[in-house]
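Under our numbering, the first residue of the sequence shown is numbered 574, with each subsequent residue one higher.
Before any comments, here is the structure.
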Amino acid sequence: MKNEKMFAVKDNLTDDEIRYGLRNIIRDGLTSQAMSTLTGGVFLVAFALELGASNMVVGLLAAIPFLAQLIQIPSIYLIEKYRARRAICVYSSALSRMFWLPIAAIPFLFSIETGLIVLITALILQSAIGGIGGCCWNSWMRDLVPSERLGSFFSKRMSLAAVLGSSLSLAAGFYIDKWENLFPEHKLYGYSALFFLGFIAGMLGVYFLSNTPEPCMESIKKKQKFTRLLLTPFKDINFRNLIMALGPWSFAVNLAIPFFTVYMLKSLQMNMSLIIALTVLSQITNLAFLNIWGKFSDRFSNKSVLTICGTLFMLCVLAWTFIVPGKNILTMPLLITIHVFTGISTAGVSLTSGNIGFKLAPKGQATAYLASLSLVNSISSGIAPVLGGVFADFFTERQLSWKLEWSSPDSQIAFQIFNLHSWGFFFFFAFLIGLYAIHRLTMVKEPGEVEEKVVVYEFIYELGRSIKSIYSIKNRLRYTPQFALLAARNSFRKGK
574 MKNEKMFAVK DNLTDDEIRY GLRNIIRDGL TSQAMSTLTG GVFLVAFALE
624 LGASNMVVGL LAAIPFLAQL IQIPSIYLIE KYRARRAICV YSSALSRMFW
674 LPIAAIPFLF SIETGLIVLI TALILQSAIG GIGGCCWNSW MRDLVPSERL
724 GSFFSKRMSL AAVLGSSLSL AAGFYIDKWE NLFPEHKLYG YSALFFLGFI
774 AGMLGVYFLS NTPEPCMESI KKKQKFTRLL LTPFKDINFR NLIMALGPWS
824 FAVNLAIPFF TVYMLKSLQM NMSLIIALTV LSQITNLAFL NIWGKFSDRF
874 SNKSVLTICG TLFMLCVLAW TFIVPGKNIL TMPLLITIHV FTGISTAGVS
924 LTSGNIGFKL APKGQATAYL ASLSLVNSIS SGIAPVLGGV FADFFTERQL
974 SWKLEWSSPD SQIAFQIFNL HSWGFFFFFA FLIGLYAIHR LTMVKEPGEV
1024 EEKVVVYEFI YELGRSIKSI YSIKNRLRYT PQFALLAARN SFRKGK
C-alpha cells in the first residue's frame, strides 16, 4: 500500500510539480552520467582487454547494451497493462545497476578466464533489465517534459552531464595511469574501484527517479491487441521513414565507434591519459555547442539540425581512415581535429535523434512508437559491432590502395590517393552507410522544419556573435572575425 502511494500517478501535474520533476531528471542525468563514465567507454574496453578479450569479444561487449533492448517488446506490454511507468522504471533500474557489484568483484573472486565470462554474463543481465526501465523512461519523459521545451531542457541536461563526465573522465584516466605505475601486476583492481563508485552513483540516480512525479498516461479510446499495438508505428508512413533513417544510422555509428578506443590502445599504442584527454576535448566542444543546437532544434526543427550534424559526424568517421600507425607528425593534429568536430557534431546528433522521436510520436501512443524506434536502433546497433569484431582479424591482413604514378626518364613519383587497411575498412564502410541514412532522413516530415541552409546561416551568425564578444576585448582585432563571418552570411543569402 505504501509503495502504491509512493508511485501514484496524477491526472494533472501543477507547474510546481513539473519544475520539481524536471530538477530531479537533471539530477538523475548527472548521476547516470557519472555511472556511465566510470563503468563504460574506455575503462570497460581496457578492463576487458586486460582480461584477454579478443576483437570479437570487444564487439560483443559493445553490442550487448543494444541487443538487450529487445526486452522492450515485453516492456510495452507491462507498461500498457499496469500503466505505472515510474514504479517499473525505478525497480528495473535499481536491479540492473546491482550487477556492477559482481563486475567490480571479478579481480577478487575469479580467474582471468572465468572473469571474462562473468563480465559478459553480468553485462547481459544488467542491460536487459535496464532496458525495461529505458522503455518506461522514454514514455514517461514524453508526457512530463513540455513539448516546446524538449530541445532546451535536454540540451541543459546533457550540458551539465558533459561537464561532470569530462571532469570524471580526466580524474579517472590519471588515476588508472597512476595505479598501473604503482601496481603493474594488479591493474584490474584499479578498474574495480571505478566500477564500485559507478554503482554508488547509479543507485543515487534511482533515488532521484523515485521522487520524480508521473503524469497519468493518456487513456486509449479503443484498446488494441498487443501485436497490433506493436505494428502501429510501422503503418505510420512518416514515422516509418524515421525508423528507416535512424536504423542504418545506428548501424553505421556502431560499426566504427566501439573500435576507436581499441585502435588507439593497440594500433597507435597510446596511453590511457592521452586517450582520455582527447575524449575530454571532444566532450568540451560537445558542451560548448549543446546549447546552440538545443535552441536551433526548438526554433527550426530536429531534422534540419540532425542532417547537418550527421553529415559532419560522418566526415569525422571518414577522417579516421587517414590515421596510420607509426611515427607521423600529422597523427596528433589530425586526432585533435577529429575529436573537436566529433564533439560539435555529436552534440546535435545525440540531442535531436532522440527529440525527433519524442516529437513525432503521437501523445497517448508514445510507448509503442518510441519502443519500436528504440527496437530497430538497438538491433542495428547490436549487429554492427559484432560483425566488426568477427571480421576485424580478416581485415587486419588486407589492404586496399589507390596510387597515381608519374614516370620520366630521370625519376618516378607516386601519389597515394587512397589507402585502406585494418580498421580503416570499418570506418570507410560506416561512412558510406551513414550517408545513406542521412539520405533517408530527407524523407521524414517534421512540423516547422526549414532548409538546412537556413540553419547553417543562423549557426554562422550565432558563432559570429560569440567570436565577436571574445575579440571585442582586443580593439585592434575585433573587426576581423566580424568581416569574415559577414562575408560568409552574404554568401549563404545569395545561395538562398
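Virtual Cβ for every residue (Gly too), placed ideally from N, Cα, C.
For the alpha helix (DSSP H) that residue i lies in, which residues bound it at each end?
i	result
S725	723-755
I623	It should be pointed out that residue 623 corresponds to Glu in this sequence rather than to Ile. 614-623 is the span of the alpha helix (DSSP H), which, as asked, contains E623.
T834	831-835
C662	658-670
Q645	645-655
S783	760-783
E686	685-717
C889	875-892
D871	845-872
I917	904-933
N901	From DSSP, N901 is part of no alpha helix (DSSP H); its letter is neither H nor E.
Run the CB neighbour count on residue i, radius 10 Å, all protein chains shown included, and call it buried at 16 or more, exposed below.
i	result
F756	exposed
N901	exposed
Q606	buried
S923	buried
V963	exposed
Q842	exposed
A744	exposed
G602	buried
F967	exposed
R658	buried
H1012	exposed
R971	exposed
R715	buried
N1063	Model confidence at N1063 stands at a pLDDT of 45, short of 50, so the residue's coordinates are unreliable; what they give is reported in the following sentence. Per the 10 Å Cβ criterion, exposed.
N585	exposed
F681	exposed
I911	buried
T852	buried
What's the gap between the Cα of residue i and the Cα of residue j?
i	j	result
F1001	A619	25 Å
I1043	I599	Bear in mind that the predicted position of I1043 carries a pLDDT of just 39, short of 50, making it unreliable; the figure below should be weighed with that in mind. Taking the straight line joining both Cα atoms gives about 30 Å.
F580	E787	8 Å
E1019	A934	11 Å
T612	F832	17 Å
S1082	S984	Outside the modelled stretch of the chain, which goes from 574 to 1069, sits residue 1082, for which no answer is possible.
S974	Y1009	24 Å
R670	A701	11 Å
C709	I810	25 Å
P821	E758	43 Å
N784	T694	31 Å
K936	G688	45 Å
G916	Q856	6 Å
E686	A626	9 Å
A892	A678	39 Å
A1061	V913	Note that A1061 scores a pLDDT of 39, beneath 50, so its modelled location is shaky; the value from the coordinates is reported in the next line. Taking the straight line from one Cα to the other gives about 21 Å.
L888	F931	27 Å
G997	N814	30 Å
S1045	F672	A caution first: S1045 carries a pLDDT of 49, below 50, which makes its placement in the model unreliable, though a value can still be read off. Whole-angstrom Cα-Cα distance: 53 Å.
V534	P958	A query on residue 534 cannot be resolved here, the shown segment of the chain reaching from 574 to 1069 and no further.
F895	T880	24 Å
S981	L903	30 Å
Does the beta carbon of residue i come closer than 9 Å to any beta carbon on chain B?
i	result
V853	The chain inventory of the structure shown lacks chain B, comprising one protein chain alone.
What do you reckon, are the CB atoms on residue i and residue j nearer than 9 Å?
i	j	result
G955	K729	no
Y543	E623	This structure does not reach residue 543, given that the chain is present from 574 up to 1069, and the question cannot be answered.
A920	N875	no
S953	F747	no
S666	G706	yes
T925	S870	yes
I816	S712	no
I649	L819	no
T834	V1017	no
G632	L960	yes
G703	A635	no
V1004	A825	Reading the sequence as shown, one finds Phe at residue 1004 and not Val. For F1004 and A825, yes; Cβs fall inside 9 Å.
F727	V736	no
R656	C789	yes
N597	L723	no
M845	E753	yes
V691	P675	yes
A696	T610	Checking the sequence shown, residue 696 turns out to be Leu, not Ala. Result no, Cβ atoms of L696 and T610 do not sit closer than 9 Å.
L948	L595	no
A774	T604	yes
In the DSSP assignment, the beta strand (DSSP E) including residue i goes from what residue to what residue?
i	result
S974	972-980
Exercise for the section: Please determine if the region 875-885 and the region 770-782 are in contact, where contact requires at least 3 C-beta pairs separated by less than 8 Å. Expected result: Using a C-beta cut-off of 8 Å, the region 875-885 makes no contact with the region 770-782, since fewer than three inter-stretch Cβ pairs fall below that distance.
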